[in-house]
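J.: Protein chains in written order, with the numbering used here: chain A, 3 to 502; chain B, 38 to 131; chain C, 486 to 969; chain D, 1266 to 1588.
The C-beta atom is built at its ideal place from N, Cα and C for all residues, glycine as well.
Just passing along the structure, written as structure tokens.
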Amino acid sequence: MDFFDHLPLLILLSSLIPGLVIFLLREESHGLRTSLNLFGAVTKLALVGLMIWGVYHEWVSDMRWQITPDLELVLHADALSVVFVTLSTVLWLVTTIYAIGYLEHSPHRSRFFGFFSLCVTATVGLALAGNLFTFIIFYELLTLATYPLVAHKGSAEAVRGARIYLTYTLGGGVLLLIGAIWLHTIAGPIDFQERGVLSGLTQLDPWTLRWIFLFMIIGLGVKAALFPLHGWLPQAMVAPAPVSALLHAVAVVKAGAFGIIRVVYDVFGVEYADALGLLPFLGAIAAFTIVYGSVKALSQDHLKRRLAYSTISQVSYIALGAAILGPLATIGGIVHLVHQGVMKITLFFAAGNYAETLGVHHVSEMDGVGRRMPATTLAFSIAALGMIGIPPIAGFISKWYLGMGALQAGAGYWVIPVLIASSLLNAAYFLPILYRAWFKPAAEKWPKEKPQSGRWEMSGALMWPPVITAAVALLFGLFAAAPFSPLEWATLITAREYSR
Amino acid sequence: MISEQLLYSLAGIGLFGIGLRATLLHHMLIPRLLALNVCGAGVFLIFITIAYAGAESRPDAVPHALVLTGIVVAVSATAMSLALGRRLEALNDE
Amino acid sequence: MMNDAIIWVIIIPLLGSLISISWSRYASLTAIISNLLALAASIVIVNQVYQSGPFIHELGGWQAGLGISLRADALSSVLLLMSMLVVSAATFYASSYFTDAVKRARFWPLWLMLVVALNALLLSGDLFNLYVTLELLSLSAVALTALSDSRAALQAAIRYLSIGLLGSLVFLAGVALVYMGYGTLDLLALSNKIDASPLSQVAFGLLTAGLLIKSALFPLHFWLPSAHASAPAPVSAALSALVVKVAVYILLRLWMDVFDQVLTPLSAMLLGTLGAIAVIWGSWQALQAQRLKLMAAYSTVAQIGYLFIFLPLIVALPEGSLKDAAFTALLLMALTHGFAKSAFFLSAGVIQQYCGHDRIAELAGTARALPLTTFVIALSGVALIGLPPSGSFLGKWYLVSSSFQAGQWWWVVVIAVGSILATAYVFRILGYAFGPRESVGRVLNGGRKEIPALILALFATLILGFGSAGLWDFVSQHRYFPGS
Amino acid sequence: MIELLWSVFDLSLVLLLLALAWGTCSTRDVMRAVTLFIAMGLLLAIIWARLKAPDLALAEAVIGAGISGALFLSAIKDYPSTITVSHRTPVLQGLINAFTLALVILMSWAVWHGLNMSDGIRLSDQVVAQAPVSGVSNPVTAVLLNFRAYDTLLELAVVLTAVLTVLTLNDRRYSHVVSSPLLQGMTHWLVPLLVVTSGYLLWVGAHAPGGAFQAGAMLAAAMILLQLAFPSRRQQFSLYLVRFLLVIGIFTFVVVGIWMLLLNDVFLAFDPDWAGTLILIIETMATLSIATALALAYLGGRPMGWEEGARNNSASTENEGAG
């Protein structure tokens, strides 16, 4: 089906073209910019809807562009890519609305939204990449496109944060690149395919493969913020709230996690990776990061930094899922890719709202915000509870499957304690916030309150996004078994990943 | 005939060496230029000994032409360098 | 007419230069027209090679050997096209860069002579003719450097000239020895005659040494930064992007196509090592540099180093697709650097004229004052680092894979470190550029200066990054010396 | 016996040459260095003659020794008279010496082999064979203006570039020599002599030693002499004429080349029957250009009012572009 072959390209263009046009717009042309943004986002959403339908019916969509005799750019839609594409597209729409509200009167909006669209393009491209070469191209592009957003404020602090972010990610990028090229020299072009490419090829020297795996995991681990490569994430929190929300809850960190899944399942093949003895190594790092992130989060008073460390911890669940051999764990990992994204972005939206309307940046200032900003705080609470793993919120599903998977794989004796420990820690750093927000009396005046206007606690563009995403997180939990729910989709992927 | 050729080509190499050494040693413009010219003369001499085919037979004209070209190029380069030096002096005096 | 493009591409700029001397009033117009005509000619040449393979023009109708021949094959024609594109862009740029008419009148004739030298050099098929064109190149390049008319520029120019003359003389000594042993100056005839003898080895050494000086390979790079940094922006662009590169081109020619019997893996390894040091040293110096153009100049030292790292790999790899791939990657690196570095220097010139200086630390907020120029700097920076999408990304990809295939993995470390340093020095600038500034400029200011730079940067990134697939077959099929 | 005498002669020439070269490069007195350099040039001229290269003997005497010498002499007027020892550290000097010595030995070794291996198959036979159809009987001229005419064309471009640079950089230097009646008197008969000689050299170049470059140098000498003798009379020529003379050589060369290209599809392919004429035309024009170029180079810069044309149409002069 010809149209379907070009669908991935259209999905890229739907954010690329608006982005490029926006760069050329004058600061004042607010309306045009907004409508371009929304138009792009909605179009993308529609196209993605089509793609879901197609992939579900196993239509093959595959675009190739020759770069050199043995390297080609491949856009390819499979079940796994659809997960990530959908996630980033939906959240892009929400975040765009949020960002329009958030950046009302700040300067250089054209530049901001331009790079913002480029980021989404890179993320989606990375999700749709059909081979390692293409994946790496978009992986690096994502780094480049996010740099200006982190540096956006232009303050010394922002530029410094951006530099650190860049040092980490490009450093990792180099390692990933070397690993990938090395792999190409011994195994030829690497097209992603379910159950892995390398599992097919014998005769490869296992130790070379182990080295390559190490290089690539380090490279991806930087973006996935695996310990000890996580250092950039808290630094990058200087970025404006929408950036933190989309990039550091979804695009960047997920790109890393997604890459790890790709490498483990579609390059090495999970059974083969296990045979090489790579999974325990990955699992150990992931497990340690989970606990480490939570512990660090405990001691953070700055809200966004606490959320950042929580991200570090939560994203590693995905790596953990990939590192445990067995369908259930795989499902858990993949489904968490979605769930964590939805929940974490809610938290960041909320944090942004507190900062915007009340000037609240620290946990210690949050006493009684619940009464001042009920909607936002409600969303925040749902997401936080979800993070802890309270049923029936989405987070519970992921953790449940991870646990089951661990038991199934017989790895339970060390995974289960990790899961329990981290859940307790999650509770330990989220519940106090909720307690302060709802039950403690508000301080007589907020640090920097904006005059209340309109019937809502704040402008709708800022209030609705977290409410919506929170609702989504709840629904994903409640109707986990419904068709096209993340869980169902993850099950579908897993069915395709495990041959035997 | 070999002997003459050898003698003169060795002389050429010697000239080349002397010039090269001085070029590397000197830092002032004019001595360095003189050295470069000496160096070039050495190369020209090598060319001409190649052309020389003994007392009775006529020499190869090609190297002669090449050296003629070389001489003209050398004088042009010399003139240009001296002009650059003069301009620098003027700027230093300002 | 069409078949003689190989002549026109040299003669037209020469006539242009003569006209611009005689009627300085019409110099700018003449320069632009003759450049566009030469550009067209270079396109025709590439097409000729593509259609009917490498070809030769025996000047004066004397068969090569007695006479001089011009030759075009994949390598030379592609480089010719690149250099004409860069030169044409720089010409448009220069026509609005030099605001003083007197300066312009001095600039054009020399500029067109530089173009003559570049094109003649790329097409020459005769060893002594190479010497003459090399001299023409050095002299015009030095003259253009001196146009800045500052003390720094003059000192740089003098140094540049004397070192250049020394290089040419060493080269000429090599030519003499070659003629002594093999009685011909024609490159093709030579490639058939040459054999490993003491004479040929020493001659080869002298030729190589002369060219290494001109291509500024570490440790012979010392003359480059001052010259490239103090010349007027369009000149710096040509110097860094082209003048250094054509010397590398001749070196490749001699190494790959003429002296292949003589060269030893050891010598290749030596140059590779020097290249590696150049990558690290040049990038490090670029990171230390306080001025934008000086940074760019040092980055050129590093980028030249990459080209030399290819040599030991190409020598080591077996004949066939791997070797060809490595060679094409080398060419791709050279092309990308040509476009990227020229775009960078042109933009640096815009910044310099806007701010009145090019001290990196004081460029705060250029991103807001000159959005497009900053964007161009970023694009060319991407190409200099070797990030996708850019030709050098592919180039480095093959550089690394060739290192693995040739079993010389240590180059990979060098490439990695070099790329990280490059990232550091490029984003150091961008970091400052994103700094605070009140005045917010329009997207485009000074189109005749910014658009050419943008076009060059796009060539370096998108066009070579995504559109260079055809290059690989072209090079592997059409890279050889055409005989008569 | 004769052999022996020749060898002694050769040996003494070579030793003297090396001595002069060494002196030029090692003396600390600029004046002496230049003098020795000129002497070396004259000796080289003798050596060229000895090695049966009369064209070069002429060229060396007029250009190598003459013009270069004159350039150096006029340059050292405004230049420190003593050469300070270079700042190079002893270690570096040692390195340089060792390096040069090694190179010299290496090259001698190579040449030793080369002279033995040289198969004698050089271009000379071809040159001799083709000379009849080249239009000139002097093989050197045949090579310069026909077989390798392209080199000569680019060589003229080199000369032009150098002179353009000189004109770009400085205003002309006015001779410090106080023009004496003696000099003026001498000029009166020397200049015509030089002009005639150069004409003769030009003409004779077709079949005997001589040619455009030697002739051009002679003519240049005449122009320079005029400038020296009558410094008061500033503008001997109109500047348009000077510009015209400067480019006419290459221009003619290129036009003839293109004409041949359109005629025979090959650049610079002269028909045997007109070759002589065409070459003479090119050489004549080249002579004028070379003479003008060398004279301007000697003057060391722009004659008065050289850039008037440009100045006039520089109505809007904003900030200076160069960096």
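#1: Which runs of the alpha helix (DSSP H) spanning at least 4 residues fall entirely within the stretch 293-334 of chain A, listed in chain order?
#2: Quick one: is W593 (chain C) buried, meaning 16 or more other Cβ sit within 10 Å of its Cβ, or exposed?
#3: What does F613 (chain C) touch in chain D if you count any residue whose Cβ is under 9 Å from its own?
#4: Determine, for M598 (chain C), whether the minimum Cβ-Cβ distance to residues of chain B falls below 8 Å.
#5: When burial is assigned at 16 or more other CB atoms within 10 Å of the CB, is L14 (chain A) buried or exposed?
#6: Within 8 Å (strictly less), CB to CB, does L125 (chain B) reach chain C?
#7: Output the distance between the C-alpha atoms of L1421 (chain D) and S513 (chain C), rounded to the nearest integer angstrom.
#8: So, are the CB atoms of A131 (chain A) and A147 (chain A) less than 8 Å apart?
#9: According to the neighbour-count rule (16 or more other Cβ atoms, all chains shown, within 10 Å of its Cβ), is M1451 (chain D) buried or exposed?
#10: Restricting to runs no shorter than 4 residues, where is the alpha helix (DSSP H) found entirely within the stretch 180-234 of chain A?
#11: Looking only at its chain, what residues have a beta carbon closer than 6 Å to the beta carbon of R502 (chain A), apart from the 5 residues adjacent to it on each side?
#12: Please report the distance separating the alpha-carbon of G952 (chain C) from that of I69 (chain A).
#13: Can you tell me which of the three DSSP states D1416 (chain D) falls into?
#14: At what residue ranges does the stretch 153-178 of chain A contain a whole run of the beta strand (DSSP E), taking only runs of 3 or more?
#15: Are there any heavy atoms of the ligand NAD lying less than 7 Å away from the beta-carbon of T1517 (chain D), as far as the coordinates show?
#16: Under 8 Å between beta-carbons, which chain C residues line up against R95 (chain B)? List them in chain order, please.
#17: Is the Cβ of E543 (chain C) closer than 8 Å to any Cβ of chain B?
#18: Are the C-beta atoms of D1343 (chain D) and some chain B residue less than 8 Å apart?
#19: State buried or exposed for S301 (chain A), treating a residue as buried only when at least 16 other CB atoms are found within 10 Å of its CB.
#20: At the level of alpha carbons, what is the spacing between E1585 (chain D) and L831 (chain C)?
#21: If we ignore side chains and look at the alpha-carbon of each, how far apart do L73 (chain B) and L650 (chain C) end up?
#22: With 16 as the cutoff for other CB atoms within 10 Å, does G334 (chain A) come out buried or exposed?
#23: Quick check on the DSSP output: what are the complete alpha helix (DSSP H) runs of length 4 or more inside the stretch 706-754 of chain C, in order along the chain?
#24: If you run the structure through DSSP and keep just helix, strand and coil, what is F481 (chain A)?
#25: How would you list, in chain order, the residues of chain D whose beta-carbon sits under 7 Å from the beta-carbon of V104 (chain B)?
#26: Would you mind working out which of C:L608, C:S653, C:W596, C:S581 sits nearest L565 (chain C), comparing C-alpha positions?
#27: T1582 (chain D) CB to nearest chain B CB: under 8 Å?
#28: I want to know whether the stretch 704-719 of chain C touches the stretch 618-634 of chain C - three or more CB-CB distances under 8 Å.
#29: Kindly list the residues whose CB is nearer than 6 Å to the CB of A90 (chain B), restricted to its own chain and excluding five residues on each side of it in sequence; keep chain order.
#30: I'd like to know if A631 (chain C) contacts chain B, where contact means its C-beta is closer than 8 Å to some C-beta of that chain.
#31: So what does DSSP say about M1266 (chain D), is it helix, strand or coil?
#32: What is the residue span of the beta strand (DSSP E) that T1549 (chain D) lies within?
#33: Within 10 angstroms of the Cβ of P453 (chain A), are there 16 or more other Cβ atoms? Answer buried if so, exposed if not.
#34: Taking Cβ to Cβ, would you say M1483 (chain D) is nearer than 8 Å to V1327 (chain D)?
#35: Excluding the 5 residues preceding and the 5 following V344 (chain A) in the sequence, name in chain order all residues of the same chain whose CB lies nearer than 6 Å to its CB.
#36: So which residues on chain B does E1420 (chain D) lean against when the C-beta distance must stay under 8 Å?
T.: The structure says:
#1: 305-325
#2: The residue given as residue 593 (chain C) occupies position 108 in the third sequence. Buried, since its Cβ has 16 or more Cβ neighbours within 10 Å.
#3: What you label residue 613 (chain C) is simply residue 128 of the third sequence in a count that begins at 1. Those within 9 Å of F613 (chain C) in chain D are R1413, D1416.
#4: The residue labelled residue 598 (chain C) in the question sits at position 113 within the third sequence. Judged by the 8 Å Cβ criterion, M598 (chain C) is not in contact with chain B.
#5: Against the first sequence, residue 14 (chain A) aligns to sequence position 12. Per the 10 Å Cβ criterion, buried.
#6: Numbered from 1 along the second sequence, position 88 holds the residue referred to as residue 125 (chain B). So yes, L125 (chain B) belongs to the interface.
#7: Here the question's residue 1421 (chain D) lines up with position 156 in the fourth sequence. Here the question's residue 513 (chain C) lines up with position 28 in the third sequence. C-alpha separation (whole angstroms): 23 Å.
#8: The residue given as residue 131 (chain A) occupies position 129 in the first sequence. The residue given as residue 147 (chain A) occupies position 145 in the first sequence. It is not a contact, given that the beta carbons lie outside the stated cut-off.
#9: Residue mapping note: residue 1451 (chain D) aligns to position 186 of the fourth sequence, counting from 1. That one is exposed.
#10: 208-225
#11: For the purposes of this step, residue 502 (chain A) is taken as residue 500 along the first sequence, with counting starting at 1. In this prediction, R502 (chain A) has a pLDDT of 45, which is less than 50 and means its spatial position is unreliable; nothing more can be read from the coordinates.
#12: As a working mapping, residue 952 (chain C) is identified with position 467 in the third sequence. As a working mapping, residue 69 (chain A) is identified with position 67 in the first sequence. Each residue's Cα considered, the two are about 7 Å apart.
#13: The residue labelled residue 1416 (chain D) in the question sits at position 151 within the fourth sequence. Reduced to three states, the DSSP call for D1416 (chain D) is helix.
#14: none
#15: Of ligands this structure carries none, so the ligand NAD is not represented either.
#16: As a working mapping, residue 95 (chain B) is identified with position 58 in the second sequence. Ordered by position in chain C, no residue passes the 8 Å Cβ test against R95 (chain B), which lies about 16 Å from the chain.
#17: Residue mapping note: residue 543 (chain C) aligns to position 58 of the third sequence, counting from 1. Chain B, which has no Cβ nearer than 8 Å to the Cβ of E543 (chain C), makes this no.
#18: Taking the fourth sequence and counting its residues from 1, the one referred to as residue 1343 (chain D) is at position 78. So yes, D1343 (chain D) belongs to the interface.
#19: Taking the first sequence and counting its residues from 1, the one referred to as residue 301 (chain A) is at position 299. With fewer than 16 Cβ atoms within 10 Å of its Cβ, S301 (chain A) is classed as exposed.
#20: Position 320 of the fourth sequence holds residue 1585 (chain D). Position 346 of the third sequence holds residue 831 (chain C). A caution first: E1585 (chain D) carries a pLDDT of 37, below 50, which makes its placement in the model unreliable, though a value can still be read off. So the two alpha carbons sit approximately 16 Å from each other.
#21: Reading the second sequence from its first residue, position 36 is the one you call residue 73 (chain B). Reading the third sequence from its first residue, position 165 is the one you call residue 650 (chain C). Their backbone Cα atoms lie some 8 Å apart in a straight line.
#22: Locating residue 334 (chain A) in the first sequence gives position 332, counting from the first residue. By the 10 Å Cβ count, G334 (chain A) comes out buried.
#23: 709-715, 718-723, 729-737
#24: Residue numbering aside, residue 481 (chain A) sits at position 479 when the first sequence is read from its first letter. The answer is coil: DSSP assigns F481 (chain A) none of H, G, I, E or B.
#25: One-based indexing of the second sequence puts residue 104 (chain B) at position 67. Ordered by position in chain D, the residues that pass the 7 Å Cβ test against V104 (chain B) are L1321.
#26: Stepping through the third sequence from its first residue, residue 565 (chain C) is reached at position 80. Per the Cα distances, C:L608.
#27: Position 317 of the fourth sequence holds residue 1582 (chain D). Only weak support exists for where T1582 (chain D) lies, its pLDDT of 41 falling under 50; the value from the coordinates is given anyway. Output row for T1582 (chain D): interface = no.
#28: yes
#29: The residue given as residue 90 (chain B) occupies position 53 in the second sequence. Cβ neighbours of A90 (chain B) beyond the five flanking positions: P96.
#30: If you number the third sequence from 1, residue 631 (chain C) lands on position 146. Cβ-Cβ to chain B under 8 Å: yes for A631 (chain C).
#31: Translated into the one-based positions of the fourth sequence, residue 1266 (chain D) becomes position 1. If DSSP states are grouped into helix, strand and coil, M1266 (chain D) belongs with coil.
#32: Your numbering for residue 1549 (chain D) matches position 284 in the fourth sequence. Element bounds for T1549 (chain D): not the beta strand (DSSP E) but the alpha helix (DSSP H), 1537-1564.
#33: For this step, residue 453 (chain A) is matched to residue 451 along the first sequence. When all chains shown are included, P453 (chain A) counts as exposed.
#34: Numbered from 1 along the fourth sequence, position 218 holds the residue referred to as residue 1483 (chain D). Numbered from 1 along the fourth sequence, position 62 holds the residue referred to as residue 1327 (chain D). Their beta carbons are under 8 Å apart, which means M1483 (chain D) touches V1327 (chain D) by this criterion.
#35: Numbered from its first residue, the first sequence carries residue 344 (chain A) at position 342. Answer for V344 (chain A): T471, V474, A475, listed in chain order.
#36: For the purposes of this step, residue 1420 (chain D) is taken as residue 155 along the fourth sequence, with counting starting at 1. Within chain B, the residues near E1420 (chain D) are T106, V109, V110.
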